[in-house]
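Just so we're aligned, residue 22 is where the sequence shown starts under the numbering used here, counting upward by one. Ideal Cβ positions, reconstructed from N, Cα and C, are used throughout, including at glycine. Source: prediction; values computed, not measured. Take a look at the structure set out below.
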Amino acid sequence: MADDIIHSEDETPQDDMNYSEDKIPGEDETTSEEETTPKRKNGLTKETFDLLLSTLNPDRERAGEEYEKIRRKLIYFFELRGCSQVYELADKTIDRMTKKIIEGEKVEYPQTYALSIAGYIYKEYLKELKNIGIPIEDILASRNPPRDPRELEQTPDPPKQKERIECLGQCLKRLPNENRELILQYYQGEKSDKIKKRKKLAQMMGVTLNTLRIRAHRIREELEKCVTNCLRQFNNKLE
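Structure, rendered in structure tokens:
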């Protein structure tokens with residue numbers, strides 16, 4: 022089920038990183054610093070961050086530009102694959118790359134090397150999702166997820182399915198009403214008529230279809246994170 026979420030073409034924003042209509046937060050356009058040093062957007066210490074920059078380019082300003090370019094490419098890499106938490110995954114990749122440099126790895130082509138590490142991070146991400154198993158898209162496809170225990174017994178792995186539904190219900194309640202209605206309507210209907218319904222929804226909202234996709238992608242990302250945390254808390258109680 023998780024693979025359906027990850028590889029759904031219809032769900033991944035396809036605007037070639039151009040978010041002019043509805044910009045995704047997290048990408049600073051400032052060039053201040055102490056104008057030559059980019060802000061650390063990951064868990065690196067100042068010392069390890071400086072080491073990374075010096076590896077990218079001896080010139081501090083050029084190193085900062087290279088760092089931001091690599092990070093944007095990583096974010097785009099994970100977005101194209103429909104991942105949630107794309108910024109965290111990009112930063113995790115940079116952290117892993119920096120660790121390799123500290124261990125003595127010689128990096129001749131930083132962008133290529135970062136993307137090769139991103140491939141491993143992506144595999145880890147898929148494995149984690151499969152282990153947790155969050156069929157968010159399937160559950161959202163109905164405004165009334167099964168509540169009758171007899172219905173749940175007819176589904177694969179009923180106990181986990183019940184936990185997922187309960188967690189998703191809690192997470193949906195935490196959303197603002199507007200976002201909750203949007204995401205529920207976005208997943209309504211069969212595959213054959215989803216696109217038509219989404220176009221109609223975009224028209225009703227007065228936005229483009231692509232803007233609607235971006236907003237739905239953000240809301241789903243928030244839900245996935247919330248449900249994942251909820252399931253982890255549940256599993257921790259059982260241990």
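| Asked | Found |
| --- | --- |
| For my contact list, ALA84 and THR114 are in at a C-beta cut-off of 8 Å; report their separation, rounded to the angstrom. | That pair is no contact at about 17 Å. |
| Need the endpoints of the alpha helix (DSSP H) that LEU203 sits in, please. | 198 to 207 |
| On the three-state DSSP scale, how would you describe TYR130? | coil |
| If you follow the alpha helix (DSSP H) that ASP112 is in, where does it begin and where does it stop? | 107 to 123 |
| Would you call the stretch 125 to 142 in contact with the stretch 89 to 109, where contact means no fewer than 3 C-beta pairs closer than 8 Å? | yes |
| On a Cα-Cα basis, can you pick out the residue from LEU74, LEU244 and CYS188 that is closest to LEU203? | LEU244 |
| Could you check which residue in LYS194, TYR141, TYR130 and ILE142 has the C-alpha nearest to that of ALA78? | The sequence given here places Asn at residue 78; Ala does not occur at that position. Per the Cα distances, TYR130. |
| Taking DSSP as the reference, what is the three-state secondary structure of ASP71? | helix |
| If the criterion is Cβ atoms closer than 8 Å, does the pair ALA237 and LEU230 meet it? | no |
| Among residues of its own chain, excluding the 5 on either side of CYS192, which ones have a beta-carbon nearer than 6 Å to its beta-carbon? | LEU244, CYS247 and VAL248 |
| In this structure, does DSSP put VAL228 in helix, strand or coil? | coil |
| Does DSSP classify LEU252 as helix, strand or coil? | helix |
| Considering only residues of the same chain and omitting the five flanking positions on each side of ILE123, which have a CB-CB separation below 8 Å? | THR69 and LEU72 |
| Tell me where the alpha helix (DSSP H) around LEU95 begins and ends. | 81 to 101 |
| Alpha carbon to alpha carbon, how far is LYS218 from GLN209? Give it in angstroms, no decimals. | 8 Å |
| Between ASN200 and ILE235, which are expected to be in contact by the criterion C-beta below 8 Å, what is the C-beta distance as a whole number of angstroms? | 13 Å between Cβ atoms; not a contact. |
| Nearest to TYR143 by alpha carbon, out of CYS104, MET118, LYS120 and GLU126? | CYS104 |
| Between CYS251 and the rest of its own chain, which residues show a CB-CB distance below 7 Å, the 5 nearest in sequence each way excluded? | CYS188, GLN191 and CYS192 |
| Quick check on this structure: which residue in GLU100, PHE255 and THR76 has the alpha carbon closest to the alpha carbon of MET118? | THR76 |
| DSSP three-state call for ASN78: helix, strand or coil? | coil |
| Count the other CB atoms, across all protein chains shown, that sit within 10 Å of the CB of ASN256; report buried if there are 16 or more and exposed otherwise. | exposed |
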